[in-house]
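Take a look at the structure set out below.
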Amino acid sequence: MSTPKERVFAPVLREVESGMALPLPDRTRILRELEYDLEELWSRFVDEGIPAEEARRRALDALVPDARSMTELDRLHAPLYRRLTNSFPSGRLRSMERASLGLAVAAVLGVQTATLLRVDLLRDPSPFLWPVLVGGACLLAMVLAKAFQLWIKGDHDQPTRGLGAILVAAGIVLALGFGGTTFDTFRLAGVLEQAPELAEALVPLWLFRSATLLSVAILLALGGGLAWFILSQWVAHVRRAHREVLGLDRPARPKGKHEHV
Amino acid sequence: MAEKDFDVQAFARDINELLVLSTLRDGPKHGYQIGLDVETDSNGLFRFRHGTLYPILHRLEEEGLIGGSWSKAGGRRRKVYGLTAAGERHLSGEASRVEEIVSRLMGLLRKPGRAPA
């Protein structure tokens, strides 16, 4: 059977794709299925002796979904969240999403503080611990918002938007931890310069404060960094597959009997 | 048959779904092959055009009446559909329902006319 050498249906697939409002993996699956069928049907027509251009027209006529079919495909593949919230006014839905995110962040901040209290790490803490905890909660809010957008809401119009900010926020948390420890150290040095006899009492306290601050900051930053890595790798993977099916990245094709359309 | 409002559009959709299910009784097939087989088996009476086949396939897959799986053919990925046990049951049940509807319709169409009063 003849096979088109180039991805001759890629422009058509791009046009079909432009009318889709689905998550990227669903778009890719639909387009990949359509592409295979288009190429196979085209090849079949060509093998039957139909001129290539006419074969292409017939294949497109038979298989490319019209507006009604596209609407039905969009409805069938819409994420569950979108189906459930379809009847909600968009403004109200956005407010509810933001309120839920705020509640989640407040809850995490509460859990963080409670955990530190339980293990007695908030007894005379470094003043930099609070900004680190708030930064960690903000970092978590950003991760939750992005994961919600990508995996629950299925909104993939700008999948990479906000990913860099997660990494920056993780960096800021880490910098606050290290910066705070450095500041505390200089402050301690200043005190000990004037009253060296306080060293025995202040140094263990400083060690305790700094260890707490650094470990919390490193843990939060590592968590944020890991979340950024998972999210960005997932986005890169689905975008690569999507670009490949649209003919924007040319994949290696197996060698065989090829023919131009 | 349950007596309820008869929806012609829903009936037409059901017929399309049954055509797809019936052609999958021969074994798993990919999208355009299903369309071609329906057209060939019905001597061109039923044809899927303008991509109308895909919403039907995806709806049947979502309902669990057919199962879709990806495989590689000639280095390219293709989606193949097969009939599930639920699909087979649905097909036999719906075939009886369609038979009854058509039988009623034919009875109506072939009914001798009443003599004018």
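Protein chains in written order, with the numbering used here: chain A, 1 to 261; chain B, 262 to 378.
Positions of the beta carbon are idealized from the N, C-alpha and C atoms, including for glycine.
Pull up the distance between the alpha-carbon of residue i and that of residue j, whole angstroms please.
i      : j      : result
E15/A  : P65/A  : 11 Å
W206/A : V134/A : 22 Å
S332/B : G91/A  : 43 Å
S95/A  : V143/A : 18 Å
G292/B : R29/A  : 13 Å
F229/A : A170/A : 12 Å
L226/A : F267/B : 56 Å
T345/B : F178/A : 60 Å
A78/A  : P25/A  : 12 Å
L248/A : R239/A : 11 Å
L76/A  : P23/A  : 12 Å
I317/B : N277/B : 7 Å
P196/A : V111/A : 39 Å
V245/A : E349/B : 33 Å
R310/B : T85/A  : 33 Å
R27/A  : V168/A : 31 Å
G305/B : G296/B : 11 Å
G336/B : L38/A  : 16 Å
E140/A : E35/A  : Reading the sequence as shown, one finds Leu at residue 140/A and not Glu. Each residue's Cα considered, the two are about 40 Å apart.
L198/A : G154/A : 59 Å
Y315/B : Q270/B : 18 Å
E53/A  : R308/B : 22 Å
G190/A : A211/A : 20 Å
Using a cut-off of 7 Å between C-beta atoms, extract the partners of residue i located in chain A.
i      : result
R337/B : Y36
G292/B : E33, D37
E323/B : L76
Using a Cβ cut-off of 7 Å, pull out every chain B residue sitting near residue i, in sequence order please.
i     : result
P65/A : H311, G312, Y315
E72/A : P316
Mind listing the chain A neighbours of residue i? Cutoff is C-beta to C-beta under 9 Å, in chain order.
i      : result
G328/B : The contacting residues do not exist; G328/B stays about 14 Å from chain A at best.
G296/B : D37, L41, A62, L63
R320/B : E72, L76
Taking Cβ positions, are residue i and residue j nearer each other than 8 Å?
i      : j      : result
L103/A : A137/A : no
D298/B : T284/B : yes
L279/B : L352/B : yes
A284/A : V173/A : Outside the displayed range of chain A (1 to 261) lies residue 284/A, so it cannot be described from this structure.
L219/A : T181/A : no
R209/A : S126/A : yes
R243/A : R338/B : no
L176/A : L188/A : no
E324/B : D275/B : no
G329/B : K340/B : yes
A59/A  : W42/A  : yes
H156/A : L150/A : yes
Which chain A residues are close to residue i, counting only those with a beta carbon under 8 Å from its beta carbon?
i      : result
E361/B : None at all; the shortest Cβ gap to chain A is about 28 Å.
K203/B : No information on residue 203/B is available, as it lies outside the stretch 262 to 378 that chain B covers here.
Which residues in chain B have a C-beta closer than 8 Å to the C-beta of residue i? List them in chain order.
i     : result
S69/A : H311, G312, T313, Y315, P316
Under 6 Å Cβ to Cβ from residue i, same chain only, skipping five residues before and after it: list those, please.
i      : result
A236/A : none
I152/A : Y81
L129/A : L213
Counting only the same chain and skipping the five closest in sequence on each side, list residues whose C-beta sits under 8 Å from that of residue i.
i      : result
M70/A  : V16, G19, M20
R286/B : L344, E349, L352
I166/A : L139, M142, V143, K146, G224, A227, W228, L231
So, for residue i: in the same chain, excluding its five sequence neighbours on each side, which residues have a beta-carbon less than 7 Å away from its beta-carbon?
i     : result
D74/A : M20, A21, L22
Uninterrupted alpha helix (DSSP H) stretches inside the segment 19-104 of chain A (no shorter than 4 residues): 24-47, 52-63, 67-77, 80-84
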